[in-house]
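>
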Amino acid sequence: MKELSLNVLDIAENSAKARAKLIEILITEKENVLTLVIRDDGCGMEEEFLKNVTDPFTTTRTTRAVGMGLPLLKLEAEQTEGYMEIRSVSEKVDSEHHGTEVKAVFHTDHIDFTPPGDMVSSLVTLIQGHPDIDFLFRYETEKGEAECDTREIREVLGEDVSLAEYEVISWIEENLREQFTLI
Amino acid sequence: MKSLEELQAIKMRMKDRVVLREGTNDIRVVVGMATCGIAAGARPVLNEFVRDVAEEGLSSKVTVSQTGCIGICQYEPVVEVFEAGKEKVTYVKMDVDKAKDVVEKHLKGGQVVTEYTIGAYQS
């Protein structure tokens, strides 16, 4: 991918597909290390699937037998001498505490580091496409942090106004862009 | 800073609009957002449709939504337009400028932009 933000969008789409109610996207960028965590409370993966999940020929797609999402993220992390790890608990194993966490670590001073890109745009795209899912987004640098928690926004808006409304989406986008100018 | 008060104001405005919103929503624009679409540039295309449909006042008749892989990855970004009583239109290799065109000519004007459709690429 051209930007890490596109990987974030792609991986979080998996969480949405796993029927997550809350998707957390947590990024910290400190001392030349960028850590990305995408955590959800979706259905999780069974052990057998998890073992092979970074193999491109393992996929939930029904339109093609090849899935490149996780393999791409893994490659992008490893080419900076970082790594990616996945933990997952299937709902079939634990019906209360299930979900998936993808963690990728990058060395930002490595020549092959994929730039973060437009994280705000990815988050806004996710909310537009999945207005019923909650998102906690946090981007932390040494200077401070930018955060968006749709649970807080939902509380203000009440049940009648969808997060996918253009005015709401625009508010979220502008609010986050302002926060990003400070970090 | 964008404040929560502004969000509150949006909520109030939306409430007033609920009545007007009994729109027909008879056109559905669907953007493929699987890995293939995203890598090919679907994100800005989707966001352009969302913005233009809202700003051109088309929200009552057009909904913009996302889907997974449509199965023609080599043609991504792919955008499908579904309209009641009409055949589905599949736009391929989309970008922001083409999205603007489709909003203007197809969604507003009712004319399919044939040159961007899959038929134009395959022939």
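Taken in order, these protein sequences are the chains called L and C. Heads up: the first sequence at position 15 corresponds to 15 in the working numbering, and the numbers run straight through without jumps. So the number in the working numbering is just where the residue sits in the second sequence, counting from 1, plus 1000. Where a beta carbon is used, it is the ideal one built from N, C-alpha and C, also for glycine.
Have a look at residue 55 of chain L and residue 1101 of chain C and give me their C-alpha separation to the nearest angstrom.
Mapped onto the first sequence, residue 55 of chain L falls at position 55. Mapped onto the second sequence, residue 1101 of chain C falls at position 101. Rounded to whole angstroms, residue 55 of chain L to residue 1101 of chain C spans 39 Å at the Cα level.
> Would you decide whether residue 1122 of chain C is buried or exposed? Buried here means 16 or more other CB atoms lie within 10 Å of its CB.
Against the second sequence, residue 1122 of chain C aligns to sequence position 122. With fewer than 16 other Cβ atoms within 10 Å, it is exposed.
> Select from L:150, L:166 and L:183 the residue whose C-alpha is nearest the C-alpha of residue 1004 of chain C.
Along the second sequence, one-based indexing puts residue 1004 of chain C at 4. It is L:150 whose Cα lies nearest to the Cα of residue 1004 of chain C.
> Would residue 1059 of chain C be called buried (16 or more neighbouring beta carbons within 10 Å of its own) or exposed?
Sequence index remark: in the second sequence, residue 1059 of chain C carries index 59 (1-based). With 16 or more Cβ atoms within 10 Å of its Cβ, residue 1059 of chain C is classed as buried.
> Quick one: what's got a C-beta closer than 6 Å to residue 22 of chain L's C-beta in the same chain, skipping five residues either side?
By one-based count along the first sequence, residue 22 of chain L stands at place 22. If we look at residue 22 of chain L and ignore the five residues flanking it on each side, its Cβ neighbours are 41 and 134.
> For chain C, is any of its Cβ atoms less than 8 Å away from the one on residue 9 of chain L?
Start at 1 with the first residue of the first sequence, and residue 9 of chain L comes out as number 9. At least one chain C Cβ lies under 8 Å of residue 9 of chain L.
> Is it right to say residue 1098 of chain C is buried, meaning 16 or more other beta carbons lie within 10 angstroms of its own, or is it exposed?
As a working mapping, residue 1098 of chain C is identified with position 98 in the second sequence. Label assigned to residue 1098 of chain C: buried.
> So residue 145 of chain L and residue 183 of chain L are supposed to be a Cβ contact under 8 Å. How far apart are they, rounded?
If you number the first sequence from 1, residue 145 of chain L lands on position 145. If you number the first sequence from 1, residue 183 of chain L lands on position 183. Between residue 183 of chain L and residue 145 of chain L the Cβ distance is about 6 Å, and since that is below 8 Å, they are a contact.
> How big is the Cα-Cα spacing for residue 7 of chain L and residue 126 of chain L?
Taking the first sequence and counting its residues from 1, the one referred to as residue 7 of chain L is at position 7. Taking the first sequence and counting its residues from 1, the one referred to as residue 126 of chain L is at position 126. If I take the Cα positions, the gap works out to 12 Å.
> Does the distance from the C-beta atom of residue 107 of chain L to that of residue 161 of chain L stay below 8 Å?
Here residue 107 of chain L refers to the residue found at position 107 of the first sequence. Here residue 161 of chain L refers to the residue found at position 161 of the first sequence. Against a cut-off of 8 Å, the Cβ pair of residue 161 of chain L and residue 107 of chain L comes out as no contact.
> In three-state terms, what does DSSP make of residue 1086 of chain C?
Along the second sequence, read from residue 1 onward, the residue named residue 1086 of chain C stands at position 86. Three-state DSSP puts residue 1086 of chain C in coil, outside helix and strand.
> Under the DSSP definition of a beta bridge, which residues are partnered with residue 29 of chain L?
The residue given as residue 29 of chain L occupies position 29 in the first sequence. Per DSSP, L:34 and L:141.
> Taking C-alpha atoms, which residue in L:113, L:175, L:9 and L:75 lies nearest to residue 39 of chain L?
Translated into positions along the first sequence, residue 39 of chain L becomes position 39. The option with the nearest alpha carbon to residue 39 of chain L is L:9.
> Could you list which residues in chain C have their beta carbon closer than 8 Å to that of residue 67 of chain L, in chain order?
For the purposes of this step, residue 67 of chain L is taken as residue 67 along the first sequence, with counting starting at 1. By Cβ distance, chain C contributes 1035.
> Can you give me the Cβ contacts of residue 1050 of chain C inside the same chain, cut-off strictly under 7 Å, excluding the 5 residues immediately before and after it?
Position 50 of the second sequence, counted from the start, is the residue given in the question as residue 1050 of chain C. Here the set comprises 1064.
> Run down chain C in chain order and give the residues with a C-beta less than 8 Å from the C-beta of residue 122 of chain L.
On the first sequence, residue 122 of chain L is found 122 positions in, with the first residue counted as 1. Simply 1043.
> So which residues of chain L does residue 1010 of chain C contact, with C-beta pairs closer than 8 Å?
In the second sequence, counting from the first residue as 1, residue 1010 of chain C sits at position 10. The contacting residues are 157, 161, 165, 167, 168 and 171.
> Quick one, are the C-beta atoms of residue 1076 of chain C and residue 1032 of chain C less than 8 Å apart?
Here residue 1076 of chain C corresponds to residue number 76 of the second sequence, with the count starting at 1. Here residue 1032 of chain C corresponds to residue number 32 of the second sequence, with the count starting at 1. Yes.
> Comparing the C-beta of residue 1054 of chain C with each C-beta of chain L, is any distance below 8 Å?
Your numbering for residue 1054 of chain C matches position 54 in the second sequence. Yes, its Cβ sits closer than 8 Å to a Cβ of chain L.
> With C-beta atoms as the reference, is residue 154 of chain L less than 8 Å away from residue 147 of chain L?
Numbered from its first residue, the first sequence carries residue 154 of chain L at position 154. Numbered from its first residue, the first sequence carries residue 147 of chain L at position 147. In this structure, residue 147 of chain L does not lie closer than 8 Å to residue 154 of chain L by Cβ.
> Please identify, using Cβ separations under 9 Å, the residues of the stretch 128–145 of chain L that lie next to chain D, in order along the chain.
Chain labels in this structure do not include chain D; the protein chains are L and C.
> How long is the line joining the alpha carbons of residue 174 of chain L and residue 48 of chain L, rounded to whole angstroms?
Position 174 of the first sequence, counting from 1, holds the residue named residue 174 of chain L. Position 48 of the first sequence, counting from 1, holds the residue named residue 48 of chain L. Going from the Cα of residue 174 of chain L to the Cα of residue 48 of chain L covers about 43 Å.
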